[in-house]
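*Asks:* My numbering puts the first residue of the sequence shown at 90, with every later residue one more than the last.
Quick one: structure below, then a few questions.
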Amino acid sequence: EVTKKKGSLGFAMNQHVEKQANQDEILKEKYMSISTQDLEDYGISSQLIGRFETVIIFPPHTVNELIELETNKSTSNLQCEIEYFGKNGVEVVWEEDFIEEAAKEAYKLKTGGRALSNIISNCLGNLASEIKKNPGLYKIIYLPKEAVKDPNSVKLLKNDGSIVSVGD
């Protein structure tokens, strides 16, 4: 027997994005209402809490905030890598969806900008040592969005035009 499932084409993603935005707002409200008593209930000693004049609660970053962190030159981990590799004559480029994919993965890890930094570091792995060992051999590091989950999919373009996968 064939059963039909109801669904939608094209606009379901918008509903998912709106739902995620609503969940993010609820989480922010929750974080902003945390009191010192909540911290004590969590298990932090009142003696320790009393040593601080102010308790600042940082709500978790949203995916869009993580994307903004990475696209802002002053807070971008990629910008640091671009400058580092640029000093060695190698350009760092990435697929259009790479930053968004990295931000989504960082959001899942729930450690904010630190997760984003770790993801980018994992993607670039040991490329610094490879480039230092072989100066003048490479011209471009290419980061596809797949590199977020599989750092071996990063590509190196040599000066002679040949392409090498990091995993090779």
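Cβ coordinates follow ideal geometry from the N, Cα and C atoms, glycine included.
Helix, strand or coil: how does DSSP classify I171 here?
*Replies:* Position 82 of the sequence shown holds residue 171. Of the three classes helix, strand and coil, the one that applies to I171 here is helix, per DSSP.
*Asks:* Applying the criterion that 16 or more other CB atoms from any shown protein chain within 10 Å of the CB defines a buried residue, is E190 buried or exposed?
*Replies:* For the purposes of this step, residue 190 is taken as the residue at position 101 of the sequence shown. Buried, since its Cβ has 16 or more Cβ neighbours within 10 Å.
*Asks:* Across the region 149 to 164 and the region 184 to 202, are there enough close Cβ pairs to call them in contact, namely three or more that are closer than 8 angstroms?
*Replies:* The answer is yes - the region 184 to 202 touches the region 149 to 164, with three or more Cβ pairs under 8 angstroms.
*Asks:* Tell me which residue opens and which closes the alpha helix (DSSP H) that E154 is part of.
*Replies:* What you label residue 154 is simply residue 65 of the sequence shown in a count that begins at 1. Run containing E154: 152 to 160, per the alpha helix (DSSP H) assignment.
*Asks:* So, F174 versus I209, is the Cβ gap smaller than 9 angstroms?
*Replies:* The sequence position of residue 174 within the sequence shown is 85, counting from 1. The sequence position of residue 209 within the sequence shown is 120, counting from 1. Result no, Cβ atoms of F174 and I209 do not sit closer than 9 angstroms.
*Asks:* Which residues in the same chain as G202 place their Cβ atom closer than 6 angstroms to its Cβ, once the five residues preceding and following it in sequence are excluded?
*Replies:* On the sequence shown, residue 202 is found 113 positions in, with the first residue counted as 1. So the list reads L158, once near-sequence residues are dropped.
*Asks:* Contact defined as beta carbons within less than 8 angstroms: I believe N241 pairs with S251. What is the distance between those atoms, to the nearest angstrom?
*Replies:* Here residue 241 refers to the residue found at position 152 when the sequence shown is read from its first residue. Here residue 251 refers to the residue found at position 162 when the sequence shown is read from its first residue. About 18 angstroms; that fails the 8 angstroms criterion.
*Asks:* Classify S135: buried if its beta carbon has 16 or more other beta carbons within 10 angstroms, exposed otherwise.
*Replies:* Your numbering for residue 135 matches position 46 in the sequence shown. Its Cβ having fewer than 16 others within 10 Å, S135 is exposed.
*Asks:* With DSSP as the reference, please indicate the residues paired to L245 in a beta bridge.
*Replies:* As a first step, residue 245 is located in the sequence shown; it is residue number 156 there, counting from the start. DSSP, once it has assigned bridges, lists I230, V253 as partnering L245.
*Asks:* Could you pull out every residue in the same chain whose Cβ sits closer than 7 angstroms to the Cβ of S122, ignoring the five residues on either side in sequence?
*Replies:* Taking the sequence shown and counting its residues from 1, one reaches residue 122 at position 33. Contacts found: none.
*Asks:* Is the CB-CB distance between Y227 and V179 below 9 angstroms?
*Replies:* Position 138 of the sequence shown, counted from the start, is the residue given in the question as residue 227. Position 90 of the sequence shown, counted from the start, is the residue given in the question as residue 179. Yes. Within cutoff.
*Asks:* According to DSSP, simplified to helix, strand and coil, what is V179?
*Replies:* Counting from one through the sequence shown, the residue named residue 179 turns up at place 90. Here V179 sits in coil by DSSP.
*Asks:* Using a Cβ-Cβ cutoff of less than 6 angstroms, which residues in the same chain neighbour L246 once the five nearest sequence positions on both sides are dropped?
*Replies:* Taking the sequence shown and counting its residues from 1, one reaches residue 246 at position 157. K228, I229, I252, listed in sequence order.
*Asks:* Give me, in chain order, the residues of the same chain whose beta-carbon lies closer than 8 angstroms to that of T160; leave out the 5 immediate sequence neighbours on both sides.
*Replies:* As a first step, residue 160 must be located in the sequence shown, where it is residue number 71. I188.
*Asks:* Secondary structure at P240, three-state DSSP: helix, strand or coil?
*Replies:* The residue you call residue 240 lines up with position 151 of the sequence shown. Looking at P240 - three-state DSSP - the assignment turns out to be helix.
*Asks:* Measuring straight from C-alpha to C-alpha, what distance separates Y196 and L205?
*Replies:* The residue labelled residue 196 in the question sits at position 107 within the sequence shown. The residue labelled residue 205 in the question sits at position 116 within the sequence shown. Distance between the alpha carbons of Y196 and L205: 8 angstroms.
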